[in-house]
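Participant: Before we start, here is the structure in question, set down as structure tokens.
Residue numbers (the UniProt record's numbering): 1 to 188.
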């Protein structure tokens, strides 16, 4: 099952619409899904866009039956090394923000002297995460590793200290936008 219509399929849809002008766009979407065995029925707006751009799509210049934009390649060696690095860093409980992963990918590409022209965009990273089933998650805190006696003593000292101030002058700083240099609390 395909997810999107190919150019030839769009051209046949345009011909179908011109042969049957009484056919509604929703009916054309149902016809396209059944005829081309698409995963999902095309949205009515998609059908509308195809029909609106019919002259461009029907022209010989339009993709010659192929994709208008070729898919960008990716390097298997780069992805393998990046995946191993991510697993190693997660094993050490190191937070991996998106920009750090992209920087490491650029470093690996330079090391490999690979000929691929990769952009390392947000879209590339999202696709990489999907290919490797990587999910964003909150990093676990260190509350379980703290000594309960030290926690109780610290709470009492903090309470004694805050008793000297008016309640309106006490702020919980991690709930404000003032924590500029905090380490990220989320990893991929």
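Cβ atoms here follow ideal geometry from the backbone N, Cα and C, with glycine treated the same way.
(1) For residue 155, I'd like the list of residues in its chain whose CB is within less than 8 Å of its CB, leaving aside the five on either flank, ordered along the chain.
(2) DSSP state of residue 2, grouped into three classes?
(3) Can you tell which of 36, 11, 99, 95 has the C-alpha that lies nearest to the C-alpha of residue 56?
(4) If you count every other CB in all the chains shown that lies within 10 Å of the CB of residue 31, and 16 or more means buried, which is it?
(5) Tell me which residues share the same chain as residue 38 and place their Cβ nearer than 8 Å to its Cβ, disregarding the 5 neighbours each side in the sequence.
(6) With respect to the alpha helix (DSSP H) encompassing residue 63, which residues constitute its N-terminal and C-terminal limits?
(7) Quick check for students: name the residue ranges of the alpha helix (DSSP H) that lie wholly in the stretch 26-66, counting only runs of 4 or more.
(8) Roughly how many whole angstroms lie between the Cα atoms of residue 117 and residue 98?
(9) At what residues does the alpha helix (DSSP H) containing residue 148 begin and finish?
(10) Do residue 85 and residue 132 have their C-beta atoms within less than 7 Å of each other?
(11) Where does residue 42 land, buried or exposed, given buried means 16+ other C-beta within 10 angstroms?
(12) Is the beta carbon of residue 14 sitting closer than 7 Å to the one on residue 54?
(13) Suppose you measure from the CA of residue 164 to the CA of residue 152; what does that come to, to the nearest Å?
(14) Between the Cα of residue 134 and those of 110, 87, 159, 146, spot the shortest distance and give me the residue it belongs to.
(15) Going by other Cβ atoms of all chains shown within 10 Å of its Cβ, with 16 needed for buried, is residue 158 buried or exposed?
(16) Compare the C-alpha of residue 128 against each of 169, 50, 101, 93 and name the closest.
(17) Is the beta carbon of residue 25 closer than 7 Å to that of residue 47?
(18) Does the beta-carbon of residue 161 have 16 or more other beta-carbons within 10 angstroms, so that it is buried, or is it exposed?
Facilitator: Inspection of the coordinates gives the following:
(1) none
(2) Assigned with DSSP and collapsed to three states, residue 2 falls in strand.
(3) 11
(4) buried
(5) Taken in chain order, the residues that qualify are 1, 2, 3, 4, 5, 32.
(6) Counting along the chain, residue 63 falls outside any alpha helix (DSSP H), and DSSP gives it neither H nor E.
(7) 44-52, 54-58
(8) Distance between the alpha carbons of residue 117 and residue 98: 20 Å.
(9) 148-162
(10) no
(11) buried
(12) yes
(13) 19 Å
(14) 87
(15) exposed
(16) 101
(17) yes
(18) Label assigned to residue 161: exposed.
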